Amino acid sequence: MVFARFRRIAEKSQVALHEQYKALTGQIPLMYALMFINVFCLAMVTYGDVPVWLSLSVPATLSVIIVVRGFLWTARKRTVPSPSKMRRHLAGTIVMSAVLSAAFGAWGLFLLNEVATDRITSVALYVFVGSISCCYCLQSLPVAGRFVLLFGAAPVTLCLLTSSDVYLIGIGVTFLIIAAVIVRTLATSQSAFSKLLISRSEMSALVAALRQSEDHYRYSVDLNPQMPWISDAAGAILELSPKWEAVTGMPTADALGSGWTGAVHPADLPPVLDLWHRTTSAPDASAVDVRYRLRDRSGVYRWHRARAQPRRGEDGTILKWYGTLEDIDDQVKAENALRESEERYRLASRATNDIIWDCSLEQDRIDWSEAAFDVLGYAETRTGTSRSWWVDHIHADDQKRVVDNLASLEDVHFNQWVEQFRFRAADGRYLNLVARGYVVRNKDGKPIRLLGSLHDVTAQLQYEAKLKWSASHDALTGLPNRAMFAERLDEALDDARRQGQCVGLIVLDVDRFKTINDTLGHHAGDAVLHDVAAKLSKRLPVGATLARLGGDEFAIILPGLTPEQARQETVDTIMGSLTGSLLHDGRHIDVSLSAGGALAFRDGLDAEELHKCADLALYAAKSEGPGQIRGFTPAMREAVDMEKAMLTKARAALTNDHIIPFYQPKVNLRTGALEGFEALLRIHDQQQGLQPPGAIRAAFEDADLAVRLTDRMLDCIMADMVAWRDQGLAFGRIAFNGAPGDFRRGDFVDRILGRMHKLGLPASLLELEVTETVFVGQLSDRVHNCLETLAAAGVTIALDDFGTGYASLTHLQQFPVHTIKIDRSFVSRLNAAETGDAAIVGAVIDLAKNLGITTVAEGIETAAQAAHLMVKGCDVGQGFLFGRPMARSQIAPILAKWDAPGMIGLCAGSDWADMLRSSMGMHNSGPLSFSESGR
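Heads up, the sequence shown is in numbering that gives the first Met the number 0, so the first residue is 0 and it goes up one at a time.
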């Protein structure tokens with residue numbers, strides 16, 4: 000009967016049927032979800048206590064049915080079926096509710112009979128709770144809800160009431176009371192829902208009438224270009240013109256509430272919402288007027304204007320908002336175009352540092368743009384000035400020219416005015432301004448107005464001046480650079496030709512500048528150059544030009560000299576006190592200059608030739624030592640050409656592997672044993688044959704070539720040592736000469752020891768010979784560290800040409816010297832007539848003995864020289880007497896047949912034999928012989 004009542008209502012009103020169906024599409028999926036959870040939990044609770052078909056098969060079957068039904072009703076939420084289908088779905092739901100609740104209840108009864116006593120309460124509770132949960136979800140279909148209680152909850156409740164356990168009976172009574180409450184609730188819900196459906200059915204006619212009235216209203220609205228809208232007091236849109244969808248493409252229904260915001264431009268949305276929220280939240284709000292962009296049907300954003308007024312109740316509170324939305328895109332674009340044009344003009348004037356001005360010639364008034372205050376700094380420019388004020392601030396040297404040019408505008412042929420002048424700013428600085436103006440004339444052609452701009456070019460002119468200075472000057476010293484030097488030299492030569500005078504050119508450079516840079520760093524080098532430039536500048540004669548040509552090279556142009564003037568006096572004046580010491584970072588740096596000079600037109604006819612002559616003179620000065628000054632002579636060209644030829648020859652020899660070592664024996668003067676060899680450089684020239692190192696003498700002064708020559712010699716020497724070692728030959732110690740350039744680089748030790756380690760050669764097989772000059776100067780610290788490292792590794796250090804250089808006895812103690820080589824110049828004069836050299840040699844040998852240093856005499860060519868050195872106690876001899884320098888191919892035979900007693904026998908027939916016997920306590924006659932023991 001109840002169901003029939005609902006059916007009659009549903010048949011009377013399609014709206015009521017739709018509402019009932021819509022409610023169930025939300026409730027029934029929830030019901031099936033709760034039922035699935037109850038079945039699952041109940042199966043888990045009883046698992047293991049009841050037969051498998053009760054704990055697994057039955058719940059599995061129920062779960063499948065529940066899941067399928069749940070998915071079906073979930074899918075129905077997305078569709079709107081016909082009324083007949085709705086009725087079939089409702090009827091099917093009632094039947095399915097009865098079937099599933101009966102199955103669920105029956106399953107519960109079976110479980111109650113099978114489970115242990117302590118599980119009965121849990122099973123009953125799960126069945127009852129599951130039933131009333133489903134019943135609650137079926138409030139919109141009360142008949143189905145009652146079936147669930149009847150077939151699901153009732154059997155379990157009756158089972159509990161009929162048990163003999165008082166506790167279970169009490170639970171059954173509780174379930175019964177709850178069931179009664181649920182039934183009463185369903186009855187109340189049924190009555191309320193019936194009234195609701197009846198009310199909605201009765202109102203359908205009224206809704207239709209209202210819809211018709213609304214249609215009339217909308218037709219009238221469509222004729223209005225504005226879109227009316229209504230919102231509640233909180234700002235949620237209630238009604239909106241149908242034109243909304245036509246304009247934006249968004250359904251009007253979707254725009255209600257806050258849906259309209261989806262069409263607003265993302266950049267405009269936050270401020271619009273903020274304004275709308277503040278307006279609707281204010282009790283005293285009166286109106287709102289806002290612009291924003293809306294997206295139209297094509298996806299293009301157009302500007303719209305929204306305006307609204309509130310409607311208030313009798314108590315003054317806002318009831319609704321009534322407003323309109325109007326398309327103003329064309330208007331906004333026109334406004335923006337005007338604004339952008341003005342902004343472009345303003346930005347252009349700012350970007351170009353321009354001041355816009357308007358001068359009324361009739362009113363004697365100038366109006367200025369805001370940029371005038373920013374650039375000039377005068378507050379008067381904000382209110383306007385007179386022409387006289389403007390003229391008074393122009394630099395005095397520019398005033399007359401500017402005023403005269405302005406007066407020329409009276410000529411009708413000139414309508415544009417361009418002028419550059421200096422203008423005094425408020426801070427006292429003079430700015431360089433470029434004025435550009437256009438003349439406005441009256442009908443008679445008389446100028447009445449000037450319009451134009453002022454452009455500040457001060458920074459530009461300063462930058463151009465700086466660029467011009469940088470292009471012609473050295474950044475470090477501030478002196479003219481090579482480019483300006485060339486211009487000044489050409490000018491001086493031209494003037495000298497016209498006036499019959501001469502031009503002197505002095506080229507200077509800093510001695511040992513590369514060493515200063517390498518050892519003390521570039522900061523020290525820069526300090527030296529700056530100091531030299533300052534001192535030279537103070538000593539320049541009037542009219543002379545000092546320039547830095549690059550690196551450590553300077554040049555001085557001395558114009559206006561007469562042929563009778565002495566160049567040397569001028570040079571001495573300039574370089575008088577430049578040699579000295581510079582204090583940098585707490586360290587004294589010894590600084591000296593070398594200079595070379597040339598005189599036009601005697602030495603050179605043009606600038607290029609004159610410069611070359613001065614360079615040659617400088618080169619000659621440097622070759623004679625630091626601090627030297629030389630003037631050009633024709634012979635210097637020959638010397639330079641010869642030196643260039645030597646350098647070319649050295650490079651070619653290195654490239655073609657023509658650098659080879661020759662070995663000269665070194666003999667123990669006591670035993671005649673072979674101590675080793677000295678490796679001497681030779682050049683194997685295919686045209687000129689074998690040449691000594693003097694053929695490339697200049698190469699040893701070149702830092703790069705000197706290192707390359709040393710590396711080549713080391714490679715050859717060590718390759719020969721490996722070959723002799725592999726042949727089982729005892730070749731002793733091999734000595735080679737190190738050049739000063741080797742010590743300028745920090746890798747000399749690695750270059751030596753690295754090669755020996757790679758080839759498996761002990762360092763004790765090598766001897767490094769250095770001259771006394773490496774011990775003095777800026778490299779002394781580096782040389783000391785290098786020699787200490789090599790000596791510690793086992794390399795013997797020999798001081799070559801002792802007595803001819805700059806070394807002192809202090810150096811013998813400070814540096815790790817193992818051997819002193821007595822220069823051949825002393826050995827060659829060892830005879831009875833010249834006892835001075837003999838005394839020197841004897842003193843050197845005695846000194847070496849006292850210091851524990853071995854002595855080697857080089858250049859021994861006669862038996863007499865050898866005998867004298869033996870008497871003095873010299874340890875080792877070297878010279879043609881024992882053997883000339885030999886190619887490596889000759890060394891193996893020499894080593895194989897070396898006759899130590901025979902070497903000593905070379906001296907046996909000399910006139911010194913008796914003296915030797917006497918000095919050694921040998922009174923018997925016969926051939927002179929020596930034991931193998933020490934000296």
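C-beta atoms are modelled at their ideal positions from N, C-alpha and C, and glycine is treated no differently. Everything numeric in this text was worked out from a predicted model, so none of it was measured.
What residue range is occupied by the uninterrupted beta strand (DSSP E) comprising residue i?
{"i": "Thr-818", "result": "818-821"}
{"i": "Tyr-291", "result": "287-294"}
{"i": "Trp-302", "result": "300-311"}
{"i": "Cys-501", "result": "501-509"}
{"i": "Phe-661", "result": "658-667"}
{"i": "Val-940", "result": "No information on residue 940 is available, as it lies outside the stretch 0 to 934 that the chain covers here."}
{"i": "Phe-600", "result": "Taken as a continuous stretch (DSSP letters only), Phe-600 belongs to no beta strand (DSSP E), as it is neither H nor E."}
{"i": "Ala-705", "result": "From DSSP, Ala-705 is part of no beta strand (DSSP E) but of the alpha helix (DSSP H) over 702-725."}
{"i": "Val-875", "result": "875-877"}
{"i": "Pro-227", "result": "226-231"}
{"i": "Leu-767", "result": "765-770"}
{"i": "Leu-149", "result": "Taken as a continuous stretch (DSSP letters only), Leu-149 belongs to no beta strand (DSSP E), as it is neither H nor E."}
{"i": "Glu-238", "result": "236-239"}
Going by DSSP in three states, residue i sits in which element: helix, strand or coil?
{"i": "Leu-16", "result": "helix"}
{"i": "Asn-736", "result": "strand"}
{"i": "Leu-964", "result": "Here the chain comprises residues numbered 0 to 934, so residue 964 is not present and cannot be evaluated."}
{"i": "Ala-266", "result": "coil"}
{"i": "Gly-549", "result": "strand"}
{"i": "Lys-319", "result": "strand"}
{"i": "Thr-861", "result": "coil"}
{"i": "Glu-787", "result": "helix"}
{"i": "Thr-476", "result": "coil"}
{"i": "Met-885", "result": "strand"}
{"i": "Ala-543", "result": "coil"}
{"i": "Pro-900", "result": "helix"}
{"i": "Ile-464", "result": "Sequence inspection shows Ala at residue 464; the Ile mentioned does not correspond to that position. Three-state result, Ala-464: helix."}
{"i": "Ile-176", "result": "helix"}
{"i": "Val-417", "result": "strand"}
{"i": "Asp-326", "result": "strand"}
{"i": "Thr-853", "result": "strand"}
{"i": "Ser-162", "result": "coil"}
{"i": "Leu-140", "result": "coil"}
So residue i and residue j are supposed to be a Cβ contact under 8 Å. How far apart are they, rounded?
{"i": "Val-509", "j": "Ile-556", "result": "The Cβ separation is near 19 Å, so there is no contact."}
{"i": "Val-782", "j": "Phe-742", "result": "5 Å"}
{"i": "Gly-596", "j": "Phe-631", "result": "7 Å"}
{"i": "Leu-16", "j": "Met-95", "result": "Leu-16 to Met-95, Cβ: 19 Å. No contact."}
{"i": "Thr-260", "j": "Arg-294", "result": "Not really, about 11 Å apart at Cβ, beyond 8 Å."}
{"i": "Leu-175", "j": "Thr-156", "result": "6 Å"}
Would you give the residue range spanned by the alpha helix (DSSP H) that residue i belongs to?
{"i": "Ala-797", "result": "Not the alpha helix (DSSP H): Ala-797 falls in the beta strand (DSSP E), residues 795-801."}
{"i": "Asp-749", "result": "747-758"}
{"i": "Leu-528", "result": "521-537"}
{"i": "Ser-132", "result": "116-136"}
{"i": "Phe-484", "result": "481-498"}
{"i": "Thr-561", "result": "Element bounds for Thr-561: n/a, residue is neither H nor E."}
{"i": "Val-255", "result": "Checking the sequence shown, residue 255 turns out to be Leu, not Val. No alpha helix (DSSP H) holds Leu-255; DSSP gives it neither H nor E."}
{"i": "Ala-284", "result": "Taken as a continuous stretch (DSSP letters only), Ala-284 belongs to no alpha helix (DSSP H), as it is neither H nor E."}
Any C-beta of chain B sitting closer than 7 Å to the C-beta of residue i?
{"i": "Ser-257", "result": "Of the protein chains in this structure there is only one, and it is not chain B."}
With a threshold of 6 Å (Cβ to nearest heavy atom), would residue i be considered close to the ligand SAH?
{"i": "Ile-168", "result": "By its list of ligands, the structure shown contains no ligand whatsoever, and the ligand SAH lies outside what it can speak to."}
Complete runs of the beta strand (DSSP E) confined to the segment 342-401 [at least 3 residues] = 353-359 and 364-367
Taking three-plus beta-carbon pairs below 8 Å as touching, is the segment 677-687 in contact with the segment 721-731?
-> no
Pick out the complete beta strand (DSSP E) segments inside the segment 421-454, 3 residues or longer, and give them in chain order.
-> 429-440
Where in the segment 51-108 do unbroken runs of the alpha helix (DSSP H), each at least 4 residues long, occur, reported from the N-terminal end onward?
-> 57-75
Three-pair Cβ contact test at 8 Å for the segment 694-704 versus the segment 640-656 = yes
Taking only runs that begin and end inside the segment 626-699, name each unbroken beta strand (DSSP E) of 3 or more residues, in chain order.
-> 628-630, 658-667, 673-684 and 688-690
Looking at C-beta atoms only, is the number of pairs between the segment 320-333 and the segment 225-242 that lie closer than 8 Å three or more?
-> yes
Looking at C-beta atoms only, is the number of pairs between the segment 146-153 and the segment 98-109 that lie closer than 8 Å three or more?
-> yes
Inspect the CB distances between the segment 847-864 and the segment 883-896 and report whether three or more fall short of 8 Å.
-> no
Check whether the segment 74-89 touches the segment 29-42, taking contact to mean three or more Cβ pairs, one atom from each stretch, closer than 8 Å.
-> no
Are there three or more Cβ pairs, one per stretch, closer than 8 Å when the segment 362-375 is compared with the segment 419-433?
-> yes
Does the segment 513-531 come close enough to the segment 481-492 that 3 or more CB-CB pairs lie under 8 Å?
-> no
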